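J.:
Following this line, the structure appears as C-alpha cells:
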C-alpha cells in the first residue's frame with residue numbers, strides 16, 4: 063500500500079491531511095508541524111485574528127494580518143513545505159478571504175460548509191490549488207459538472223467528509239441517526255465519489271486525488287480508508303490532542319476526557335448540524351438562554367442574531383481560549399477514543415505505521 067501522495071506538484075511523504083479547524087484550533091503551530099512531518103497542514107480562515115490586539119476595533123484587518131502572519135510562521139516551521147487553508151463558503155467574507163489567501167500564497171484552498179461553485183473564478187490565473195469539501199456522490203457530481211461547464215476546470219483534489227466528522231456536517235439530521243450512520247460508512251461512500259471523479263480525470267488527463275475523513279482515529283482506520291480507494295485521509299480531532307495544537311490546554315483536555323455519551327449533534331447558527339462535546343453552555347442553548355443581543359462579528363452569511371440560538375463566533379472563540387462556560391468544543395464522533403495528548407511527530411508515525419506492513 064502506498065505511503066505517500068501528491069496533489070499535482072505538491073508531494074507528501076505521508077497520506078495525512080490535517081483538517082482545518084476554527085476558530086483558532088489549527089493555526090501555524092499545528093499546521094506547520096503536520097507539514098514538517100510529512101503530511102499536509104491546514105489552517106482555518108475563520109476569525110484567524112481573534113487574539114490580535116486590534117480585533118475588537120477592526121476584525122477584518124486583524125484577520126487579514128493573521129492570515130499572512132500564520133502562513134509565514136507555518137512555512138518557517140514546516141521548512142517551506144505546502145500549507146493549506148480551509149475557508150467556509152458560509153462565511154460573510156468568503157470571497158475576500160479566498161482572494162486574500164491567493165495573494166498571500168497559500169498552496170491549496172479547501173472550501174466547504176456550502177457549495178464552492180465560484181471557487182475557480184476566484185482563484186483564476188493563480189498557483190493556488192483548489193479542493194471542494196463534499197459529503198456525497200451527489201454533491202461531487204454537482205460541483206464537478208458546474209466547474210467544468212462554467213470554467214472548464216476540475217478540482218486539484220476533493221475532500222469527502224463522512225457523517226462521523228466533527229464540526230459542521232454536510233448531512234441532514236435524519237442521516238445522523240445510529241441506523242443511517244451504520245449504512246453510511248466512509249469506505250462505502252468512497253466508491254460512489256470515485257465514479258464521479260473518473261470522467262473528469264479523463265477530461266483533464268491527470269489524477270484527481272480523493273482525501274476522505276470523518277471519524278478516523280487509528281492506524282487501522284487509515285489503512286481501511288486507503289484500501290477503499292482514497293489517496294489520503296483527513297483527520298481533525300486527533301490533532302487537537304497534540305502539544306502543538308493552537309487551542310488552549312482546557313480545549314485539548316475536553317477532547318481527551320470526553321466519553322462516548324458526551325458527543326452530540328447540535329444546531330448551528332450556520333444552518334448546518336454540527337457535532338460537539340456536550341457541556342453546560344450547550345444545555346443553556348437548548349433552554350433558550352443564550353440568544354445574542356447583537357452581532358459583534360458578522361461571520362456567517364445565514365446567521366441572523368435576532369433569531370440565532372447563540373453567537374457561534376463568540377462561542378468558538380471562548381472554547382478555543384478554554385472558557386467552556388461560554389463556549390464549547392467541536393469534535394468527531396470517535397473523539398472519545400482519544401485518551402492522551404501526544405506530539406504531532408508521534409501521532410503521524412502512529413497513524414501510518416500499518417501502511418508499512420505487507421499487504
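Residue numbers (our numbering): 63 to 421.
We put the beta carbon where it would ideally sit given N, CA and C, even for glycine.
These numbers were taken from a predicted model, which means no experiment stands behind them.
Which same chain residues end up closer than 6 Å to residue 228 when comparing Cβ atoms and leaving out the 5 residues on each side of it in sequence?
T.: 298, 299, 337, 392, 393 and 394
J.: Which residue's Cα is closest to the Cα of residue 241: 226, 230, 255 and 91?
T.: Nearest of 226, 230, 255 and 91 to residue 241, Cα basis: 226.
J.: Using only the alpha-carbon positions, how far apart do residue 275 and residue 172 sit?
T.: 13 Å
J.: So the candidates are 164, 211, 246 and 123; which of them puts its Cα closest to the Cα of residue 133?
T.: 164
J.: Since residue 179 is in the alpha helix (DSSP H), which residue starts that stretch and which ends it?
T.: Run containing residue 179: none; DSSP gives neither H nor E here.
J.: Can you name the residues that DSSP bridges to residue 74?
T.: 67
J.: May I ask you to report which of helix, strand or coil DSSP gives residue 87?
T.: Coil.
J.: Can you give the Cα-Cα distance for residue 115 and residue 70, rounded to whole angstroms?
T.: Spanning the two alpha carbons is a distance of roughly 38 Å.
J.: Leaving out five residues on either side along the sequence, give the residues of the same chain with a beta carbon under 8 Å from the beta carbon of residue 408.
T.: none
J.: Taking C-alpha atoms, which residue in 291, 208, 177 and 235 lies nearest to residue 248?
T.: Looking at the Cα atoms, 291 is the closest of the given residues.
J.: Does DSSP put residue 60 in a helix, a strand or coil?
T.: Lying outside 63 to 421, the shown extent of the chain, residue 60 is not represented and no answer is given.
J.: Three Cβ pairs or more, each shorter than 8 Å: is that satisfied between the stretch 74 to 88 and the stretch 145 to 160?
T.: yes
J.: Does DSSP put residue 421 in a helix, a strand or coil?
T.: Residue placement at residue 421 cannot be trusted, given a pLDDT of 44 that sits under 50; what the coordinates show is reported in the next sentence. Residue state, collapsed to three classes: coil.
J.: Write down the C-beta distance between residue 107 and residue 332 rounded to the nearest angstrom, noting that I regard them as a contact closer than 8 Å.
T.: Taking 8 Å as the upper bound for CB-CB distance, residue 107 and residue 332 are not in contact here, some 14 Å apart.
J.: Label residue 421 either buried or exposed according to how many other C-beta atoms from any shown protein chain fall within 10 Å of its C-beta, with 16 as the threshold for buried.
T.: Confidence at residue 421 is low in this model, with a pLDDT of 44, below 50, so the placement of that residue should be treated as unreliable; the coordinate-derived value is given next. Flag for residue 421 reads exposed.
J.: Check the C-beta distance from residue 17 over to residue 231 and give it rounded, since I have them as a contact under 8 Å.
T.: Since the first residue shown for the chain is 63 and the last is 421, residue 17 is missing from the structure and cannot be characterised.
J.: Check whether the Cβ atoms of residue 379 and residue 389 lie closer than 8 Å to each other.
T.: yes
J.: Just to confirm, is the Cβ distance from residue 277 to residue 246 under 8 Å?
T.: no
J.: Go ahead and pull the three-state DSSP assignment for residue 279.
T.: coil
J.: Per DSSP, which residues does residue 274 bridge with? Please list them.
T.: 222 and 295
J.: In the DSSP assignment, what residue or residues form a beta bridge with residue 392?
T.: Looking at the DSSP assignment, residue 392 forms a beta bridge with 338.
J.: From the DSSP output, read off the bridge partner residues of residue 195.
T.: 221
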